[in-house]
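Have a look at the structure below before the remarks.
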Amino acid sequence: MAPVVGIVANPVSARDIRRVVANATSLQIADRANILLRVLAALRACGVQDVLMMPENGGIRAHVERGVMRAKSRGEDIYPSLHPVAMPVTGTVADTHRATVEMRRAGVAALVVLGGDGTHRAVAADCGTVPIAGISTGTNNAFPEHREPTITGLATGLAVTGRVPPHIAFAANKRIDVSLINGANGGAVTDLALVDVALVTERYIGARALWRTENFRELYVTFADPEVIGMSAIAGLLEPVGRDESGGLMVRLSADGDGAGEGRRGTTTLHAPIAPGMMARVGVTDWRRMPADVAFVPEVAAGSIALDGERELSFTERDRLSLTLRDGAFRTVNVAAVMRHAGQNRLLTATPVPATAF
Amino acid sequence: MSRKISMKQAINEALDLEMRRDPTVIVMGEDIVGGTGAHGEDDAWGGVLGVTKGLYAKHGNRLMDTPLSESAYIGAAIGAAACGLRPVAELMFLDFMGVCFDQIFNQAAKFRYMFGGKAETPVVIRGMIGAGFRAAAQHSQMLTPLFTHIPGLKVVCPSNAYDAKGLLIQSIRDNDPVIFCEHKNLYGLECEVPAESYAIPFGEANVLRDGDDVTIVSYGLTVHRAMEAATALAKDGTEAEVIDLRTLSPIDWDTIIESVERTGRLVVVDEAHPRCNLATDIAAFVGQNAFGALKAGVQMVTAPHTPVPFAPTLEDLYIPSADSIAVAARRTLAPGGQSPRIAA
Amino acid sequence: MSATMSANPFPLGKDELLQAYRTMRTIREFEERLHVDFAKGDIPGFVHLYAGEEACATGIMMHLNDNDRIASTHRGHGHCIAKGVDVHAMMAEIYGRSTGACRGKGGSMHIADLSKGMMGANGILGAGAPLICGAALAAKVRGDRGVGITFVGDGASNQGTFLESLNLAAVWNLPVVFVVENNGYAESTAMEWAVSCDSYVDRATGFGMPGVTVDGTDFFAVYEAAGEIIRRARDGGGPALLECNMVRFYGHFEGDAQTYRAKGELESIRASRDCLTILSERVIEAGVIGRDELQAVDREVGALIEDAVRAAKAAPLPVAEDLLRDVYVAY
Numbered sequence: 001m002a003p004v005v006g007i008v009a010n011p012v013s014a015r016d017i018r019r020v021v022a023n024a025t026s027l028q029i030a031d032r033a034n035i036l037l038r039v040l041a042a043l044r045a046c047g048v049q050d051v052l053m054m055p056e057n058g059g060i061r062a063h064v065e066r067g068v069m070r071a072k073s074r075g076e077d078i079y080p081s082l083h084p085v086a087m088p089v090t091g092t093v094a095d096t097h098r099a100t101v102e103m104r105r106a107g108v109a110a111l112v113v114l115g116g117d118g119t120h121r122a123v124a125a126d127c128g129t130v131p132i133a134g135i136s137t138g139t140n141n142a143f144p145e146h147r148e149p150t151i152t153g154l155a156t157g158l159a160v161t162g163r164v165p166p167h168i169a170f171a172a173n174k175r176i177d178v179s180l181i182n183g184a185n186g187g188a189v190t191d192l193a194l195v196d197v198a199l200v201t202e203r204y205i206g207a208r209a210l211w212r213t214e215n216f217r218e219l220y221v222t223f224a225d226p227e228v229i230g231m232s233a234i235a236g237l238l239e240p241v242g243r244d245e246s247g248g249l250m251v252r253l254s255a256d257g258d259g260a261g262e263g264r265r266g267t268t269t270l271h272a273p274i275a276p277g278m279m280a281r282v283g284v285t286d287w288r289r290m291p292a293d294v295a296f297v298p299e300v301a302a303g304s305i306a307l308d309g310e311r312e313l314s315f316t317e318r319d320r321l322s323l324t325l326r327d328g329a330f331r332t333v334n335v336a337a338v339m340r341h342a343g344q345n346r347l348l349t350a351t352p353v354p355a356t357a358f
Numbered sequence: 001m002s003r004k005i006s007m008k009q010a011i012n013e014a015l016d017l018e019m020r021r022d023p024t025v026i027v028m029g030e031d032i033v034g035g036t037g038a039h040g041e042d043d044a045w046g047g048v049l050g051v052t053k054g055l056y057a058k059h060g061n062r063l064m065d066t067p068l069s070e071s072a073y074i075g076a077a078i079g080a081a082a083c084g085l086r087p088v089a090e091l092m093f094l095d096f097m098g099v100c101f102d103q104i105f106n107q108a109a110k111f112r113y114m115f116g117g118k119a120e121t122p123v124v125i126r127g128m129i130g131a132g133f134r135a136a137a138q139h140s141q142m143l144t145p146l147f148t149h150i151p152g153l154k155v156v157c158p159s160n161a162y163d164a165k166g167l168l169i170q171s172i173r174d175n176d177p178v179i180f181c182e183h184k185n186l187y188g189l190e191c192e193v194p195a196e197s198y199a200i201p202f203g204e205a206n207v208l209r210d211g212d213d214v215t216i217v218s219y220g221l222t223v224h225r226a227m228e229a230a231t232a233l234a235k236d237g238t239e240a241e242v243i244d245l246r247t248l249s250p251i252d253w254d255t256i257i258e259s260v261e262r263t264g265r266l267v268v269v270d271e272a273h274p275r276c277n278l279a280t281d282i283a284a285f286v287g288q289n290a291f292g293a294l295k296a297g298v299q300m301v302t303a304p305h306t307p308v309p310f311a312p313t314l315e316d317l318y319i320p321s322a323d324s325i326a327v328a329a330r331r332t333l334a335p336g337g338q339s340p341r342i343a344a
Numbered sequence: 001m002s003a004t005m006s007a008n009p010f011p012l013g014k015d016e017l018l019q020a021y022r023t024m025r026t027i028r029e030f031e032e033r034l035h036v037d038f039a040k041g042d043i044p045g046f047v048h049l050y051a052g053e054e055a056c057a058t059g060i061m062m063h064l065n066d067n068d069r070i071a072s073t074h075r076g077h078g079h080c081i082a083k084g085v086d087v088h089a090m091m092a093e094i095y096g097r098s099t100g101a102c103r104g105k106g107g108s109m110h111i112a113d114l115s116k117g118m119m120g121a122n123g124i125l126g127a128g129a130p131l132i133c134g135a136a137l138a139a140k141v142r143g144d145r146g147v148g149i150t151f152v153g154d155g156a157s158n159q160g161t162f163l164e165s166l167n168l169a170a171v172w173n174l175p176v177v178f179v180v181e182n183n184g185y186a187e188s189t190a191m192e193w194a195v196s197c198d199s200y201v202d203r204a205t206g207f208g209m210p211g212v213t214v215d216g217t218d219f220f221a222v223y224e225a226a227g228e229i230i231r232r233a234r235d236g237g238g239p240a241l242l243e244c245n246m247v248r249f250y251g252h253f254e255g256d257a258q259t260y261r262a263k264g265e266l267e268s269i270r271a272s273r274d275c276l277t278i279l280s281e282r283v284i285e286a287g288v289i290g291r292d293e294l295q296a297v298d299r300e301v302g303a304l305i306e307d308a309v310r311a312a313k314a315a316p317l318p319v320a321e322d323l324l325r326d327v328y329v330a331y
């Protein structure tokens, strides 16, 4: 039986305040649907016949179904069959969690995710060993790579149909586990970040997005890539750490906030793209490697925790917070490796090179 | 100082004088400057027929071209008026009222009353009305009766350059929304107009010609047809009194009643359609308030109950003519003062 | 929950937080009282209640002063209260009394107080958008740094006036904020069905301005996003759109049986998306305001609304001469 692929497409990513405070993108619903149609066509071309979709009321599904129906009525058979997961729609991140769990239970071979870092984070929390193929449609897209979605679809199709060996097709990824124990009632909250955890002194969650650097105090990243946007950029511009290296980086930011303490011993002012179109000056006190499986206890006593660019949790002096980086925490489809392999082995020619050739 | 200028120039002059006098006066509309954002001349048009030409050079950004969005900018003019400006919004052809009437009759017209007297909406909406321009059914209508039907709106329709200037100045100073109707076939008509500023109060009709035999009431273009008819009637020895209403809301009932009480005969001329218009309105009012003075049935001369036709031969038949007005006047003078029923 | 007070982690001081809570509670109490009194037959005409949506009006209006103008909707009581319109005058207006905000000539759907920058609730859906463009234009012409906020529901967002106004505001770079109060229903019709592009951010983008979606039941989310958007407009940065996703606790109008809702939907939103509960729990949990302090506010507000109803019922009715007042009467 042909493998089944799951698709989680978030209609509410790229809608936050960063469209006003910066010039962040706001990918239209119709464009997200078109991306999905491209992915579907690529999956089908690789032999994927059935796709599970997260239901949502934000319009993506309606546009996609219309596209599939129009192709059918013109006699084209280019898409897999779409099956919405039977679950209630809340319009919140809970839908992403629920859909991921349901799809994993249904035995999908991979999860194609359309969203930003936040959406990918929600999927990664529940996907287990199911590999993720990420497509960037959010605001802060440090985690999903920027690439034409057709190619991501092709790579996913090639990987799940077994035409590329798993050790090439899938890559291991890091994450940071966050543990917060409530000092008052002993209740524990756990969460995670795929790219970065930022500790800020403001304690309200508000509009969630993170863009005011004056409150930044500590930063923990799984990888430090100077080519991406957001918190990871701050780390990446100090000391790049690759996605495939073990461990990450922790950065301590100056209480002087904007780097006004420049010149004082031990403070460096860094210019970093902390949100799309937004260059900010941050004062950096020090930074160091964050080895895997070592629990870090932040110095900030009270504030809120931003996970992958969005304030999610707040904590007080009474709470106990610790952060631990994990290597090999979940898997992704290694699109670049799959496509290189496909080219080298002419997987998409009419008569591919026999698998025994390698 | 007085000199001969056209009605178009008089309107331009009124806007210029009021913009100089009062910094809260702004002017907006489609192409009232012309060429905004384009790469040719500034002030390229000054309105489609050049009524506002030259004002941009004098007042700059207080004249604003708008997107083709009548609801949005007429509504914006009304909102700005409620917030203390005195906007003059040009609707180009008042036929376009169809796409923005809500803002005028549900918003502007109602604010003062609906908000318990605590709001004022000093906005002027000016634009072209009337047939005779070969502009066909959607650019030629005389929609004045629609406006006079709405409480809260004031409706003005000058017949000459002198009145246009004084009435527009008064309209801008008035604290209620005013629909200022400009008959496009009168734009080129010249008369003596003082260079200085003056306002003509609302609700004061102008008696253009004295006469004791028959009263002819009209407004706008057909005032001139009525005057031609009066000249023709005079050749037969009939002296017609010709009344130019100038403002339709408020309307000068006193002048009409006083005249009819003297002449005993009334012809009302309206370029609008025959049902529920100024002619039927005035006929009914006179019937109710001066019935005893009437020596003959009131005659109404109006356009037919058809859209405005395009073909010049048909359009010329559409507009009430001097002949038809004279015929109507003669009917009131016929023995017995009664007339056969006339098909509209 | 901690009994001890700790450092305030919120973007507002304690007094301001209490003020926000008081405003939201006043709206809730006002609306729930109308719900009861309308059912008793005490109130003439139509009434559309804002209960459930309080965080939106309050989170936005806290950034405004009397010089800033708002254009409201048919569901306008919350906007009025948050903008500072006198609650007694509002209640008297709804009861059709001569002491009403509009001397009894406007009613629930037309409450206005221009001295407070409240340009009127509006019975014509989408009609406020052009008007607020004018208010913003007036502010721009005068250079007084005023901004204009227009509220529309998801239903009225399909009106041509709204779409034309987005374009006009962008072209003229007006200090306007278009707030879409998306409660999911245009009267009884689902937003998901009736809004073709599905996302208001997409709509804003299509008109050349930024759009933002926030959880309209979270006072802090609305407050923070609105603050950025309003500051941007005030500084000359141009118009923007703010979509607040929220819930309507009562029907489209009083008397609406809401048979279009799914089973359990109302109970669910009242249990999990009550903006007043969300705000109170947040400030209590943070130890900034005590539950007893909030309860004291509740009692004050309860007395205020009770007094407003009592005063409205005792107030004189308009008299015959009022029929012809405040309009030019041609005949």
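Chains as they are written, first to last, in full-length UniProt numbering: chain A, 1 to 358; chain B, 1 to 344; chain C, 1 to 331.
Built from N, CA and C at the ideal position, the CB exists for glycine as well.
Please compile the residues from chain F whose C-beta is within a distance smaller than 9 Å of the C-beta of ARG19 (chain A).
-> Checking the listed chains, one finds no chain F in this structure; the protein chains it contains are A, B and C.
Mind checking who TRP287 (chain A) pairs with in its DSSP beta bridge?
-> Position 287 of the first sequence, counting from 1, holds the residue named residue 287 (chain A). According to DSSP, TRP287 (chain A) bridges with A:VAL251.
Using a Cβ-Cβ distance under 8 Å, would ASN34 (chain A) count as near chain C?
-> For this step, residue 34 (chain A) is matched to residue 34 along the first sequence. No, because no Cβ of chain C sits closer than 8 Å to the Cβ of ASN34 (chain A).
Under 8 Å (Cβ pairs) to chain B, residues found in the stretch 165-186 of chain C | Along the stretch 165-186 of chain C, going in chain order, the ones with a CB nearer than 8 Å to a CB of chain B are SER165, ASN167, LEU168, VAL171, TRP172.
Leaving out five residues before and five after LEU17 (chain C) in sequence, what residues of the same chain have Cβ atoms less than 7 Å from its Cβ?
-> The count along the third sequence starts at 1 and reaches residue 17 (chain C) at position 17. Apart from the 5 residues on each side of it in sequence, LEU17 (chain C) sits with its Cβ closer than 7 Å to the Cβ of PHE10, VAL283, VAL288, ILE289 in its chain, given in chain order.
If we count the other Cβ atoms within 10 Å of its Cβ and call it buried at 16 or more, is LYS4 (chain B) buried or exposed?
-> Reading the second sequence from its first residue, position 4 is the one you call residue 4 (chain B). It is exposed - the Cβ of LYS4 (chain B) has fewer than 16 other Cβ atoms within 10 Å.
Start-end ranges of the beta strand (DSSP E) lying completely within the stretch 175-231 of chain B, minimum 3 residues | 178-183, 190-194, 206-209, 214-218
Using a beta-carbon distance below 8 Å, is ARG112 (chain B) in contact with chain C?
-> In the second sequence, residue 112 (chain B) corresponds to position 112, counting from 1. Closer than 8 Å: yes.
Does DSSP put PHE285 (chain B) in a helix, in a strand, or in coil?
-> What you label residue 285 (chain B) is simply residue 285 of the second sequence in a count that begins at 1. Of the three classes helix, strand and coil, the one that applies to PHE285 (chain B) here is helix, per DSSP.
In three-state DSSP terms, what is THR316 (chain A)?
-> Residue 316 (chain A) sits at position 316 when you count from the first residue of the first sequence. Three-state DSSP puts THR316 (chain A) in coil, outside helix and strand.
If you draw a straight line from the alpha carbon of ILE60 (chain C) to that of GLY206 (chain A), how long is it in whole angstroms?
-> Within the third sequence, residue 60 (chain C) is the residue found at index 60, counting from 1. Within the first sequence, residue 206 (chain A) is the residue found at index 206, counting from 1. Their Cα atoms are separated by approximately 13 Å.
Identify which residue in C:ALA226, C:GLU164, C:ASN122 has its Cα closest to the Cα of residue 354 (chain C).
-> Here chain C comprises residues numbered 1 to 331, so residue 354 (chain C) is not present and cannot be evaluated.
Hey, is LYS154 (chain B)'s beta-carbon within less than 8 Å of any beta-carbon in chain C?
-> Here residue 154 (chain B) is taken as the residue at index 154 of the second sequence, counted from 1. Interface residue, yes.
What residue ranges within the stretch 253-320 of chain B form continuous beta strand (DSSP E) runs of no fewer than 3 residues, ordered along the chain?
-> 266-270, 299-302
Counting only the same chain and skipping the five closest in sequence on each side, list residues whose C-beta sits under 7 Å from that of GLY106 (chain C).
-> Here the question's residue 106 (chain C) lines up with position 106 in the third sequence. GLU93, ALA112, listed in sequence order.
May I ask you to report which of helix, strand or coil DSSP gives ARG326 (chain A)?
-> By one-based count along the first sequence, residue 326 (chain A) stands at place 326. ARG326 (chain A) falls in the strand class under three-state DSSP.
Classify LYS184 (chain B) as buried or exposed, calling it buried when 16 or more other Cβ atoms lie within 10 Å of its own Cβ.
-> In the second sequence, residue 184 (chain B) corresponds to position 184, counting from 1. Result: buried.
Return the CA-CA distance between SER26 (chain A) and TYR200 (chain C), expressed in angstroms with no decimal places.
-> Numbered from 1 along the first sequence, position 26 holds the residue referred to as residue 26 (chain A). Numbered from 1 along the third sequence, position 200 holds the residue referred to as residue 200 (chain C). Taking the CA atoms as reference points, SER26 (chain A) sits about 11 Å from TYR200 (chain C).
Name the two residues that bound the continuous alpha helix (DSSP H) containing VAL169 (chain C).
-> For this step, residue 169 (chain C) is matched to residue 169 along the third sequence. Reading off the sequence shown, one finds Ala at residue 169 (chain C), where the question assumed Val. Taken as a continuous stretch (DSSP letters only), the alpha helix (DSSP H) holding ALA169 (chain C) covers 160-171.
is_contact[THR161 (chain C), chain B] using C-beta, thresh 8 Å | Counted from its first residue, the third sequence places residue 161 (chain C) at position 161. Yes, because at least one Cβ of chain B sits closer than 8 Å to the Cβ of THR161 (chain C).
Identify, in the order they occur along the chain, each residue of the same chain with its Cβ nearer than 8 Å to the Cβ of GLY153 (chain C), setting aside the five sequence neighbours on each side.
-> For the purposes of this step, residue 153 (chain C) is taken as residue 153 along the third sequence, with counting starting at 1. THR73, ARG75, LEU125, VAL180, GLU181, ASN182, ASN183, ALA186, listed in sequence order.
Tell me, please, whether the stretch 151-162 of chain B touches the stretch 323-341 of chain A by the rule of three or more beta-carbon pairs shorter than 8 Å.
-> no
Show which residues of chain A have a CB atom less than 8 Å away from the CB atom of PRO11 (chain C).
-> Here residue 11 (chain C) is taken as the residue at index 11 of the third sequence, counted from 1. Within chain A, the residues near PRO11 (chain C) are GLU202, TYR204, GLY206.
DSSP beta-bridge partners for ASN182 (chain C)?
-> Position 182 of the third sequence, counted from the first residue, corresponds to residue 182 (chain C). Note: ASN182 (chain C) is bridge-paired with C:ASN245 in the DSSP secondary-structure output.
Among B:PRO274, B:GLU41, B:VAL268, B:THR302, which has the Cα closest to the Cα of VAL286 (chain B)?
-> Along the second sequence, read from residue 1 onward, the residue named residue 286 (chain B) stands at position 286. Of the listed residues, the one whose Cα sits closest to VAL286 (chain B) is B:VAL268.
Stretch pair the stretch 189-199 of chain B + the stretch 28-42 of chain B: three plus CB contacts closer than 8 Å = Here the stretch 189-199 of chain B does not lie against the stretch 28-42 of chain B, with fewer than 3 beta-carbon pairs under 8 Å apart.
Are the Cβ atoms of residue 366 (chain B) and GLU13 (chain B) separated by less than 8 Å?
-> The question about residue 366 (chain B) has no answer here: the residues shown for chain B are numbered 1 through 344.
Output, in chain order, the set of chain A residues within a Cβ distance shorter than 7 Å of ARG232 (chain C).
-> Stepping through the third sequence from its first residue, residue 232 (chain C) is reached at position 232. Residues of chain A passing the Cβ test: VAL20.
Determine whether the Cβ of ASP198 (chain C) lies closer than 8 Å to any Cβ atom of chain A.
-> Your numbering for residue 198 (chain C) matches position 198 in the third sequence. The beta carbon of ASP198 (chain C) falls within 8 Å of a beta carbon belonging to chain A, placing the residue at that interface.
So HIS252 (chain C) is in the alpha helix (DSSP H); what residue range does that whole segment cover?
-> Position 252 of the third sequence holds residue 252 (chain C). Where HIS252 (chain C) is concerned, there is no enclosing alpha helix (DSSP H), given that its DSSP letter is neither H nor E.
Between CYS127 (chain A) and ASP235 (chain C), what straight-line distance do the alpha-carbon atoms span, to the nearest angstrom?
-> If you number the first sequence from 1, residue 127 (chain A) lands on position 127. If you number the third sequence from 1, residue 235 (chain C) lands on position 235. Rounded to whole angstroms, CYS127 (chain A) to ASP235 (chain C) spans 46 Å at the Cα level.
Own chain, CB closer than 8 Å to PHE170 (chain A), minus 5 neighbours either side, in chain order = The residue given as residue 170 (chain A) occupies position 170 in the first sequence. Within the same chain, PHE170 (chain A) has close Cβ partners PRO131, ALA159, ARG331, THR332, VAL333, ASN334.
Starting from the C-beta of ASP163 (chain B), find all residues in its chain whose C-beta is less than 8 Å away, skip the five residues before and the five after it, and write them out in chain order.
-> Residue 163 (chain B) sits at position 163 when you count from the first residue of the second sequence. If we look at ASP163 (chain B) and ignore the five residues flanking it on each side, its Cβ neighbours are ILE200, ASN206, ASP244, ARG246.
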